[in-house]
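There are 2 protein chains.
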Amino acid sequence: MNLEIDFRSGIPIYLQVVERIRERIAASQLAPGDQLPTVRSLALELRVNFNTIARAYRILDETGIISTQQGRGTYVTNTPPPEASEKIRQKALTELARRSFADAERLGASPEEFNQILKDQVAHWQQTGRLSNPDSDN
Amino acid sequence: MNLEIDFRSGIPIYLQVVERIRERIAASQLAPGDQLPTVRSLALELRVNFNTIARAYRILDETGIISTQQGRGTYVTNTPPPEASEKIRQKALTELARRSFADAERLGASPEEFNQILKDQVAHWQQTGRLSNPDSDN
DNA sequence: AGTACAATGATACAATTATACAATGAGACA
DNA sequence: TGTCTCATTGTATAATTGTATCATTGTACT
């Protein structure tokens, strides 16, 4: 799943999981009928207790966009209407931007410095046609 | 832990705890990822109230060298502090940039679109003097 | 004495984890 | 077919961990 959650943000993990999954559904990365990871497998991936994931799933279930079934698994039921999806998507992107700057700040970089690095990254991507490999200069 | 605290020194207990733990980390007796004692267990050991330990932990958390997580515990921080070597810092920043674009792509945004959003975020930061609040429009 | 302030303690609370439990489904076998 | 067993799934509840808020204590200063 590769969900990005921040243990140091002060935002409860279960709420972060709710948001990240809503974003994936809004971005059609998860379509109706798709099965979500089991509470245990996602918990293992995120290194948290599976009850924390279960709590997130329960919230999503109560809002009706997924369906959790004991013994079977959890499945996506509805995708929000296009205009709502676009709004969620926009919010997800600005939120991602905010998190990125916050992470950069923790590494001692000002927003300006990090923005420069991001620009370089785009330039490199335009040259090579792909995002640079994390192991490229080891 | 066996922290040396002097109750008669006149120096507040929570400040002594802060100093003792800083020393342990500086001496690599506590490594990144290591879990510190819970506020209650350390309080029991030192015969003080656990709020006093919590206060010490909060100070260390604010300086970024440990991370306290409700319900989970407190851990020595993994990410290198800003004063780490420039090379490591640069590498961490480019890796962060790469991951950010990958996440944006997962949300259905091209690098160009996401870059625009990043620029807007910097502009907004320059206006308000802070990175925008995650809860601003919930 | 009285006041103000910082340090510490008491209590209630929220997030996360640990443990035991119940529902479902796949495979073995009569 | 039926049903047994067992692994896998989500559920329920209590224990553990840090947080928030206010009360208490001690000290310095008038």
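If you read the protein sequences in the order shown, they are chains C and E. Throughout the first sequence, residue numbering follows this note's numbering, covering 1 to 138 in sequence. Throughout the second sequence, residue numbering follows this note's numbering, covering 1001 to 1138 in sequence. Idealized CB from N, CA, C, for every residue including glycine.
Taking 7 Å as the line, does the beta carbon of E:G1071 fall inside it for any heavy atom of the ligand FAD? Looking for the ligand FAD in the displayed structure turns up nothing, as the structure carries no ligands at all.
Are there three or more Cβ pairs, one per stretch, closer than 8 Å when the region 79–92 of chain C is compared with the region 41–59 of chain C? The region 79–92 of chain C, when compared against the region 41–59 of chain C, does not touch it at the 8 Å Cβ threshold.
Proximal residues of chain E, C-beta to C-beta of C:D139 below 7 Å: Since the first residue shown for chain C is 1 and the last is 138, residue 139 of chain C is missing from the structure and cannot be characterised.
Positions along the region 1039–1073 of chain E whose CB lies within less than 7 Å of some CB in chain C: Residues passing the 7 Å Cβ filter: G1064, S1067, Q1069.
Quick check: is the beta carbon of C:N78 nearer than 8 Å to any beta carbon in chain E? no
CB contact below 8 Å: C:V122 versus chain E: yes
Rounded to whole angstroms, what is the Cα-Cα separation between C:D61 and C:T38? 14 Å
In whole angstroms, what separates the C-alpha of C:R72 from that of C:L36? 11 Å
From C:L3, C:I11, C:T77, C:E23, pick the residue whose C-alpha is nearest to that of C:L42; which is it? C:L3
Run the CB neighbour count on E:T1063, radius 10 Å, all protein chains shown included, and call it buried at 16 or more, exposed below. exposed
Leaving out five residues before and five after E:S1028 in sequence, what residues of the same chain have Cβ atoms less than 8 Å from its Cβ? Excluding sequence neighbours, E:S1028 sits near nothing in its chain.
Using the Cβ count rule (16 or more neighbours within 10 Å means buried), how would you classify C:D103? It counts as buried.
Nearest to C:I25 by alpha carbon, out of C:P111, C:P80, C:T94? C:P80
At 7 Å on the CB atoms, spell out the chain C contacts of E:P1111, in chain order. V122, W125
Chain-order list of residues whose beta-carbon lies under 8 Å from that of E:V1122 (same chain, five-residue window excluded): none
Would you say E:N1115 faces chain C, with C-beta separation under 8 Å as the test? yes
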